[in-house]
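Chemist:
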Amino acid sequence: MEIKRIMPPLTDEVVESLRAGDRVLISGIIYSARDLAHKRLVEAIEKGEKLPFELKGAIIYYVGPAPAKPGYPIGPAGPTTSGRMDPYTPILLAHGLKGMIGKGNRSEEVKKAMMKYKGVYFGAVGGVAALTMKKIKQVKIIAYEDLGPEAISELVVEDFSVIVINDIYGNDLYELGVKKYAKI
Amino acid sequence: MREINVKEITEKVAQLCIEANCLLGEDVKKRVKEAIEKEESPLGKEVLKQILENAEIARNEMVPICQDTGLAVVFLEMGEEVKVVGGNIYEAINEGVRKGYIEGYLRKSVVSDPFRRKNTNDNTPAIIHCSITKGDKIKITVMPKGGGSENMSEVKMLTPAFGVEGVKDYVVKRVKESGANPCPPIVVGVGIGGTFEYAAILAKKALLREIGSIHPDPFYAEMEKDLLERINNLGIGPQGFGGRITCLAVFIEVFPCHIASLPVAVNINCHAVRHKSIII
Chain A
1 MEIKRIMPPL TDEVVESLRA GDRVLISGII YSARDLAHKR LVEAIEKGEK LPFELKGAII
61 YYVGPAPAKP GYPIGPAGPT TSGRMDPYTP ILLAHGLKGM IGKGNRSEEV KKAMMKYKGV
121 YFGAVGGVAA LTMKKIKQVK IIAYEDLGPE AISELVVEDF SVIVINDIYG NDLYELGVKK
181 YAKI
Chain B
185 MREINVKEIT EKVAQLCIEA NCLLGEDVKK RVKEAIEKEE SPLGKEVLKQ ILENAEIARN
245 EMVPICQDTG LAVVFLEMGE EVKVVGGNIY EAINEGVRKG YIEGYLRKSV VSDPFRRKNT
305 NDNTPAIIHC SITKGDKIKI TVMPKGGGSE NMSEVKMLTP AFGVEGVKDY VVKRVKESGA
365 NPCPPIVVGV GIGGTFEYAA ILAKKALLRE IGSIHPDPFY AEMEKDLLER INNLGIGPQG
425 FGGRITCLAV FIEVFPCHIA SLPVAVNINC HAVRHKSIII
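Those protein sequence lines, which keep their order, are chains A and B.
Residue numbering for the first sequence follows the numbering used here, beginning at 1 and increasing consecutively.
Residue numbering for the second sequence follows the numbering used here, beginning at 185 and increasing consecutively.
1. How is residue 238 of chain B classed by DSSP in three states: helix, strand or coil?
2. Following the continuous alpha helix (DSSP H) through residue 425 of chain B, name the residue where it begins and the one where it ends.
3. Do the segment 365–380 of chain B and the segment 291–311 of chain B touch if we need at least three Cβ pairs shorter than 8 Å?
4. Can residue 118 of chain A and residue 24 of chain A be called in contact, C-beta distance under 8 Å?
5. What does residue 174 of chain A touch in chain B if you count any residue whose Cβ is under 7 Å from its own?
6. Count the other CB atoms within 10 Å of the CB of residue 114 of chain A; is the residue buried (16 or more) or exposed (fewer)?
7. Are the beta-carbon atoms of residue 55 of chain A and residue 97 of chain A separated by less than 8 Å?
8. Taking 8 Å as the threshold, find out whether the segment 425–445 of chain B comes into contact with the segment 373–387 of chain B through three or more Cβ pairs.
9. Provide the residue(s) that pair with residue 140 of chain A in DSSP beta bridges, ordered along the chain.
10. Nearest CA to the CA of residue 394 of chain B: which residue from B:349, B:456 and B:343?
11. Hey, is residue 289 of chain B's beta-carbon within less than 8 Å of any beta-carbon in chain A?
12. Under 7 Å from any heavy atom of the ligand NAP, does the C-beta of residue 264 of chain B make it?
13. Does any residue of chain A have a CB that is nearer than 8 Å to the CB of residue 406 of chain B?
14. Compare the Cα-Cα distances from residue 215 of chain B to each of B:387, B:433 and B:260 and report the closest residue.
15. Can you grab the Cα-Cα spacing for the pair residue 418 of chain B / residue 275 of chain B, in whole Å?
16. Around the C-beta of residue 190 of chain B, are 16 or more other C-beta atoms found within 10 angstroms, so that it is buried, or is it exposed?
17. Which of the three DSSP states, helix, strand or coil, is assigned to residue 454 of chain B?
18. Could you pull out every residue in the same chain whose Cβ sits closer than 8 Å to the Cβ of residue 225 of chain B, ignoring the five residues on either side in sequence?
19. Mind checking who residue 449 of chain B pairs with in its DSSP beta bridge?
20. Under three-state DSSP, which class holds residue 328 of chain B?
21. Within 8 Å, do at least three Cβ pairs link the segment 223–240 of chain B to the segment 263–270 of chain B?
22. For the pair the segment 29–39 of chain A and the segment 57–66 of chain A, tell me if three or more CB-CB distances fall below 8 Å.
23. Against chain B, does residue 105 of chain A count as a neighbour if the rule is that its beta carbon must be under 8 Å from one of theirs?
24. Is the Cβ-Cβ distance between residue 414 of chain B and residue 357 of chain B less than 8 Å?
25. Which term fits residue 300 of chain B, buried or exposed, when burial requires 16 or more other beta carbons within 10 angstroms of its beta carbon?
26. Is residue 415 of chain B helix, strand or coil by DSSP?
27. Counting only Cβ pairs nearer than 9 Å, list the residues of chain B close to residue 75 of chain A.
28. To which residues does DSSP link residue 172 of chain A through a beta bridge?
29. My assumption, with CB atoms under 8 Å, is that residue 75 of chain A sits in contact with residue 133 of chain A. Please give the rounded CB distance.
30. What is the C-beta distance between residue 453 of chain B and residue 370 of chain B, in whole angstroms, given that I count them as a contact (C-beta under 8 Å)?
31. Please decide whether residue 169 of chain A counts as near chain B, where near means a Cβ-Cβ distance under 8 Å.
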């Protein structure tokens with residue numbers, strides 16, 4: 001299988017080149033954010049406040065890692081269920097977010113917003129968090145430290161392996177895959 | 185009466201928490217290896233290989249298999265000839281969970297109130313299910329349960345007319361609706377009978393069975409086999425990317441129930457059915 005390599009910040013051109021089902025390796029900086037961090041990001045946008053990181057072209061990883069053992073930059077860090085972030089996602093896409101990494105289905109609103117604002121949703125393999133940990137080289141908490149495992153961190157990743165679930169053309173790997181392999 | 189000091193219980197629970205989170209069961213590994221051969225989807229095969237690679241890293245470096253190290257579910261089987269000394273056994277178990285989750289670098293995933301949602305920072309309290317058994321031993325099973333798959337679980341009060349086919353349809357529907365969320369390939373625990381709450385405990389207990397084991401009652405063994413086939417025919421596949429292997433095993437536990445009722449609980453688990461037991 002062909003593997004595509006990308007580096008954030010993502011341009012429209014890169015996002016346009018990705019298709020549901022593509023295997024992709026990400027290298028560079030991505031940001032961790034989950035439930036409560038999303039709530040705060042959206043509140044900041046609504047109040048017109050400056051965000052803790054540049055959203056334009058950014059990739060957010062839905063993750064709440066385990067604590068790092070001594071000598072490790074991070075603990076096991078697999079994706080969490082993305083659907084919980086759906087209510088906050090369209091507004092982030094409208095403000096320049098280009099990529100999201102998580103697991104599980106997205107809402108119709110999020111899928112429409114991905115097509116409208118050219119954003120892509122990647123799936124990381126859930127439950128292989130020790131393997132994922134190895135691809136994260138550096139970690140720096142940049143906001144909301146009080147949220148513990150839910151704080152926003154800047155993660156430097158190398159060959160971080162993901163699959164395109166939703167592209168900007170309306171394709172959904174979860175639907176395509178099931179259609180291909182279902183026996184009824 | 186045989187005396188057991190709570191200190192021993194605390195130490196053992198701490199150790200079980202760490203081992204259950206870092207060491208993937210050999211039964212799971214064996215079934216995943218077989219699944220790689222059966223899987224037709226290239227992406228699906230890749231996911232299954234990553235699961236095995238992940239288990240090796242976790243074992244060698246003693247880091248958890250998954251960042252969601254769960255809420256600690258503890259099954260406590262107390263022999264009636266045992267006297268616990270030195271303190272309260274529930275407190276001793278919670279102290280063990282605290283120690284295990286802090287010293288093992290496991291994630292603390294418990295909030296103190298469903299609405300105020302403040303992290304307790306030590307993964308307590310554990311969910312403790314206690315039963316009294318014969319003899320002078322205590323059996324403790326620690327089962328860390330992750331949130332993603334637990335959120336896909338459900339209890340349904342069916343009525344007797346639904347019968348076997350109605351129950352099977354319901355279980356398959358629940359798995360289908362869960363899709364990619366519980367990180368397939370999954371293990372499905374089904375509790376049938378009892379009451380509303382007891383069906384859920386049966387479903388959770390069902391997840392403790394060894395993968396590859398066959399139900400002692402041929403009627404339920406057949407039902408498990410049929411459910412596994414129907415679930416794998418859904419095509420959800422590893423991680424929901426499409427494929428043959430959606431489920432590694434289906435386990436059923438049953439109990440007598442009311443003449444008017446047919447309670448069914450479906451407790452979904454990811455591939456890592458984490459549990460470790462010890463007999464003291």
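Where a beta carbon is used, it is the ideal one built from N, C-alpha and C, also for glycine.
Here the structure is a predicted model, which means the values were calculated and not measured.
Modeler: Let me spell this out:
1. Numbered from its first residue, the second sequence carries residue 238 of chain B at position 54. The answer is helix: DSSP assigns residue 238 of chain B an H, G or I state.
2. For the purposes of this step, residue 425 of chain B is taken as the residue at position 241 of the second sequence. Segment: none, residue 425 of chain B is in no alpha helix (DSSP H) and carries neither H nor E.
3. no
4. The count along the first sequence starts at 1 and reaches residue 118 of chain A at position 118. The count along the first sequence starts at 1 and reaches residue 24 of chain A at position 24. No; because the gap between Cβ atoms is not below 8 Å, this pair is not in contact.
5. Translated into positions along the first sequence, residue 174 of chain A becomes position 174. What residue 174 of chain A touches in chain B: 363, 364 and 424.
6. Taking the first sequence and counting its residues from 1, the one referred to as residue 114 of chain A is at position 114. Answer is buried; the Cβ neighbour count reaches 16.
7. Position 55 of the first sequence, counted from the start, is the residue given in the question as residue 55 of chain A. Position 97 of the first sequence, counted from the start, is the residue given in the question as residue 97 of chain A. Taking 8 Å as the Cβ cut-off, residue 55 of chain A and residue 97 of chain A qualify as a contacting pair.
8. Yes, since at least three Cβ pairs between the segment 425–445 of chain B and the segment 373–387 of chain B fall closer than 8 Å, the two stretches touch.
9. Residue mapping note: residue 140 of chain A aligns to position 140 of the first sequence, counting from 1. A:154, per the DSSP bridge assignment.
10. Your numbering for residue 394 of chain B matches position 210 in the second sequence. Of B:349, B:456 and B:343, the residue nearest in Cα terms is B:456.
11. The residue given as residue 289 of chain B occupies position 105 in the second sequence. Interface residue, yes.
12. Only the bare structure without any ligand can be found here, which leaves the ligand NAP out of the picture.
13. In the second sequence, residue 406 of chain B corresponds to position 222, counting from 1. No - not a single Cβ of chain A is within 8 Å of the one on residue 406 of chain B.
14. Within the second sequence, numbered from 1, the residue matching residue 215 of chain B stands at position 31. Sorting B:387, B:433 and B:260 by C-alpha distance to the C-alpha of residue 215 of chain B places B:433 at the top.
15. What you label residue 418 of chain B is simply residue 234 of the second sequence in a count that begins at 1. What you label residue 275 of chain B is simply residue 91 of the second sequence in a count that begins at 1. For residue 418 of chain B and residue 275 of chain B, the distance between alpha carbons rounds to 44 Å.
16. Numbered from 1 along the second sequence, position 6 holds the residue referred to as residue 190 of chain B. Result: buried.
17. Within the second sequence, the letter at position 270 stands for residue 454 of chain B. For residue 454 of chain B, the secondary structure class from DSSP, reduced to helix, strand or coil, is coil.
18. On the second sequence, residue 225 of chain B is found 41 positions in, with the first residue counted as 1. The residues are 421, 422, 425, 426, 427 and 428.
19. By one-based count along the second sequence, residue 449 of chain B stands at place 265. Paired residue(s): B:339 and B:375.
20. As a working note, residue 328 of chain B is residue 144 in the second sequence. In this structure, residue 328 of chain B counts as strand in the three-state DSSP scheme.
21. Counting Cβ pairs under 8 Å, fewer than three are found: no touch.
22. A contact is defined here as three or more CB-CB pairs under 8 Å, and the segment 29–39 of chain A meets this definition with respect to the segment 57–66 of chain A.
23. As a position in the first sequence, residue 105 of chain A is number 105, starting the count at 1. It does: the Cβ of residue 105 of chain A has a partner Cβ on chain B nearer than 8 Å.
24. The count along the second sequence starts at 1 and reaches residue 414 of chain B at position 230. The count along the second sequence starts at 1 and reaches residue 357 of chain B at position 173. No, they are not a contact pair.
25. As a working note, residue 300 of chain B is residue 116 in the second sequence. Classification for residue 300 of chain B: exposed.
26. Reading the second sequence from its first residue, position 231 is the one you call residue 415 of chain B. Three-state result, residue 415 of chain B: helix.
27. As a working mapping, residue 75 of chain A is identified with position 75 in the first sequence. The CB of residue 75 of chain A comes closer than 9 Å to the CB of 247, 248, 251, 289, 290 and 291 in chain B, given here in chain order.
28. Reading the first sequence from its first residue, position 172 is the one you call residue 172 of chain A. According to DSSP, residue 172 of chain A bridges with A:166.
29. Working through the first sequence from its first residue, we reach residue 75 of chain A at position 75. Working through the first sequence from its first residue, we reach residue 133 of chain A at position 133. Contact flag correct, Cβ pair sits at about 7 Å.
30. To locate residue 453 of chain B, count along the second sequence from 1; it is residue 269. To locate residue 370 of chain B, count along the second sequence from 1; it is residue 186. Residue 453 of chain B to residue 370 of chain B, Cβ: 6 Å. Contact.
31. Along the first sequence, one-based indexing puts residue 169 of chain A at 169. Taking Cβ atoms only, chain B never reaches closer than 8 Å to residue 169 of chain A, which makes this a no.
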